[in-house]
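Letter by letter, the sequence shown follows residues -19 to -1, 1 to 341 of mature numbering (1 follows the signal peptide of the UniProt record, and there is no 0). Ideal Cβ positions, reconstructed from N, Cα and C, are used throughout, including at glycine. Every value quoted in this text rests on a predicted model; they were computed, and no experiment measured them. Just below is one structure, and these are the notes that go with it.
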Amino acid sequence: MALIFFILVLSHLVGMSHGQLKVGFYGKTCPEAENIVSTVVRQVAASSQKIAPVLLRLHFHDCFVQGCDGSILLENGEIGERHAFGHQGVQGFEVIERAKEEIEKVCPGIVSCADVVALAARDAVVLANGPSYEVETGRRDGVISNLTLADNMPDVSESIQILKAKFSQKGLSEKDLVVLSAAHTIGTTACFFMTERLYNFVPGGGSDPSIDPSFLPELMAACPRNGDVNARLPMDRGSSEEFDNNILQNVRSGFAVLRSDASLYEDVDTRNIVDSYFGIFSPFLGTSFEDDFANAMVKMGRIDVLTGKQGKIRSVLRQNYIDGKEENKQQYNFFLLSFDYSIIFQTFTSVLLTVAAIDP
């Protein structure tokens, strides 16, 4: 009974974290925050069409390591999360830094770096003609940057079973996996991630048989054997600058560039989800791809967030929290202490009623 009681307490408290997020969190304390982020993103996008996938990827990588807490932004030398193998190629830090600096001029110490990352990702999607959605805000910034944890990021070479497990661990569904993978509709990838799939996928050498034979020469021309591994190619054949579901059509047809995208069609559950966005009646049955993507982004933005008195509001993007080692230890080793006593009391009351209801 004591074990059940403790588990119920934890489940209630964990759920409270993202429950404290809300749309318009800064409505009274910093009403211009979202407009400032949007303005900066538009200004950068005017000179760089590549910024949309960059900011979208930055948000994804931040959320999948220790939650959406801005820890990927911390500069902590070679041991920091930013330098992890799983984060290689992640960019966009200067855009977030610029937006944060502009916000600090108007509302110092109010808006978290984590929220700036989330808002910038939404604005980037919109600029690529993707769906607009309301971003919940109220996140607090993490103070710990962990190199090791970052190496457990979902990888483009992993099987669909591993990808499903990693997304499930973050509270994301198979549909979330499909539509978030479809974010590859914008941007490019390096030939480094294609070499094995094109030339060493099977024992003795050879390409991935799931690649359509007519597509193989095109991929090999873009990424020749022993060629420049840093050369880049679009991840969505035929529609790499427009946010749409064309990449899922490519997945269905054997024209997926990344191995992880191709694997979506090798599992019956994810294949059915991919197919659900096409067909004569798909516009009238269920939600659209755009709606599902927007919903998945909101869910991803809730992963292991710090709220209330947890974490900090970092004024400087890259600032490493040096003088609070003891506070960090308390905060992360026993997170229950970061909640207000009134909230804890309400939670225990709710749990007691639940236990009373199930106790024989």
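Taking C-alpha atoms, which residue in 153, 131, 227 lies nearest to residue 167? For the purposes of this step, residue 167 is taken as residue 186 along the sequence shown, with counting starting at 1. Considering only alpha carbons, the answer is 227.
Assigned exposure category for residue 29 - 16 Cβ within 10 Å defines buried:
As a working mapping, residue 29 is identified with position 48 in the sequence shown. Exposed is the call here.
Put residue 1 into one of helix, strand or coil per three-state DSSP.
The sequence position of residue 1 within the sequence shown is 20, counting from 1. Residue 1 falls in the coil class under three-state DSSP.
- Query: Is residue 90 near residue 36, with beta carbons less than 8 Å apart?
  - Reply: Within the sequence shown, numbered from 1, the residue matching residue 90 stands at position 109. Within the sequence shown, numbered from 1, the residue matching residue 36 stands at position 55. Contact flag unset, no.
Uninterrupted alpha helix (DSSP H) stretches inside the segment 198 to 251 (no shorter than 4 residues): Counting whole runs of 4 or more residues, the segment 198 to 251 contains the alpha helix (DSSP H) stretches 227 to 234, 240 to 243.
Original post:
Looking at C-alpha atoms only, which residue of 232, 186, 42, 17 is the closest neighbour of residue 71?
Top reply: Here residue 71 refers to the residue found at position 90 of the sequence shown. Per the Cα distances, 42.
Margin query: With distance defined between alpha-carbon atoms, name the residue in 103, 201, 164, 46 nearest to residue 150.
Written below: By one-based count along the sequence shown, residue 150 stands at place 169. Nearest of 103, 201, 164, 46 to residue 150, Cα basis: 46.
Handout entry: Cβ pair count under 8 Å reaching 3, the segment 195 to 211 against the segment 149 to 164
Key = Judged by Cβ distances under 8 Å, the segment 195 to 211 makes no contact with the segment 149 to 164, as fewer than three pairs qualify.
- Item | residue 1 versus residue 293 - alpha carbon distance | Along the sequence shown, read from residue 1 onward, the residue named residue 1 stands at position 20. Along the sequence shown, read from residue 1 onward, the residue named residue 293 stands at position 312. Those two C-alpha atoms are separated by around 15 Å.
Below 8 Å, how does it come out for the segment 281 to 293 and the segment 190 to 201: are there three or more Cβ pairs, yes or no?
Between the segment 281 to 293 and the segment 190 to 201, the count of C-beta pairs closer than 8 Å stays below three; the two stretches do not touch.
Grab me the residues of residue 195's own chain with a C-beta within less than 8 Å of its C-beta, minus the 5 sequence neighbours each way, in chain order.
-> Here residue 195 is taken as the residue at index 214 of the sequence shown, counted from 1. Within the same chain, residue 195 has no close Cβ partners at all.
Those residues which DSSP pairs with residue 170 across a bridge: The count along the sequence shown starts at 1 and reaches residue 170 at position 189. Answer by DSSP bridge pairing, in chain order: 214.
Report all residues from its chain with a CB closer than 6 Å to the CB of residue 307; omit the five preceding and five following residues, and keep chain order. As a position in the sequence shown, residue 307 is number 326, starting the count at 1. Low local confidence applies: a pLDDT of 32 at residue 307 is under 50, so the model's placement there is unreliable, with the coordinate-based value given in what follows. None.
> DSSP beta-bridge partners for residue 181?
Replying inline: Here residue 181 is taken as the residue at index 200 of the sequence shown, counted from 1. In the DSSP output, where bridge partners are listed per residue, residue 181 has 187.
- Item | As assigned by DSSP and simplified to three states, the class of residue 23 | Numbered from its first residue, the sequence shown carries residue 23 at position 42. Looking at residue 23 - three-state DSSP - the assignment turns out to be helix.
Hey, out of 185, 241, 87, whose CA is closest to residue 147's CA? Residue 147 sits at position 166 when you count from the first residue of the sequence shown. Nearest option by C-alpha distance: 241.
*For residue 122, name the three-state secondary structure that DSSP assigns.*
Numbered from 1 along the sequence shown, position 141 holds the residue referred to as residue 122. Residue state, collapsed to three classes: strand.
* Close beta carbons around residue 295, own chain, < 6 Å, minus the five adjacent residues each side -> Along the sequence shown, read from residue 1 onward, the residue named residue 295 stands at position 314. Listed in chain order, the non-local C-beta contacts of residue 295 below 6 Å within the same chain comprise 94, 122, local neighbours out to five positions each way being set aside.
Handout entry: Rounded Cβ spacing between residue 223 and residue 109 (contact assumed at less than 8 Å)
Key = Within the sequence shown, residue 223 is the residue found at index 242, counting from 1. Within the sequence shown, residue 109 is the residue found at index 128, counting from 1. Contact between residue 223 and residue 109 holds, since their C-beta atoms are separated by about 7 Å, short of 8 Å.
Next item on the list: Report, in whole angstroms, the separation of the C-beta atoms of residue 77 and residue 247, which I expect to be a contact under 8 Å.
Entry: Position 96 of the sequence shown holds residue 77. Position 266 of the sequence shown holds residue 247. No, residue 77 and residue 247 are not in contact; Cβ-Cβ is about 36 Å, not under 8 Å.
**Request:** Please state whether DSSP places residue 305 in a helix, a strand or coil.
**Result:** Working through the sequence shown from its first residue, we reach residue 305 at position 324. Because residue 305 sits at a pLDDT of 42, beneath the cut-off of 50, its placement in the model cannot be relied upon, and the point is left open.
Beta-carbon gap between residue 172 and residue 214 smaller than 8 Å | Within the sequence shown, numbered from 1, the residue matching residue 172 stands at position 191. Within the sequence shown, numbered from 1, the residue matching residue 214 stands at position 233. Taking a C-beta distance under 8 Å as the contact criterion, residue 172 and residue 214 qualify as a contact pair.
Range of the contiguous alpha helix (DSSP H) that encloses residue 94: Here the question's residue 94 lines up with position 113 in the sequence shown. First-last of the alpha helix (DSSP H) with residue 94: 94 to 108.
Have a look at residue 143 and residue 81 and give me their C-alpha separation to the nearest angstrom.
Within the sequence shown, residue 143 is the residue found at index 162, counting from 1. Within the sequence shown, residue 81 is the residue found at index 100, counting from 1. Distance between the alpha carbons of residue 143 and residue 81: 36 Å.
Q: Go ahead and label residue 117 buried or exposed: buried means 16 or more other beta carbons lie within 10 angstroms of its beta carbon, across all protein chains shown.
A: Reading the sequence shown from its first residue, position 136 is the one you call residue 117. By the C-beta density criterion, residue 117 is buried, having at least 16 other C-beta atoms within 10 angstroms.
Same chain only: Cβ atoms within 6 Å of residue 203, ignoring 5 sequence neighbours per side:
Along the sequence shown, one-based indexing puts residue 203 at 222. The beta carbon of residue 203 is closer than 6 Å to those of 214 in its chain, skipping five residues each way along the sequence.
When 21, 31, 258, 22 are compared against residue 156, the one with the closest alpha-carbon: Within the sequence shown, the letter at position 175 stands for residue 156. Cα-wise, what sits closest to residue 156 is 258.
Unbroken alpha helix (DSSP H) runs of length 4 or more, entirely within the segment 269 to 294: which are they?
-> Secondary structure in the segment 269 to 294: the alpha helix (DSSP H) runs of 4 residues or longer, each lying completely within the stretch, are 270 to 281 in chain order.
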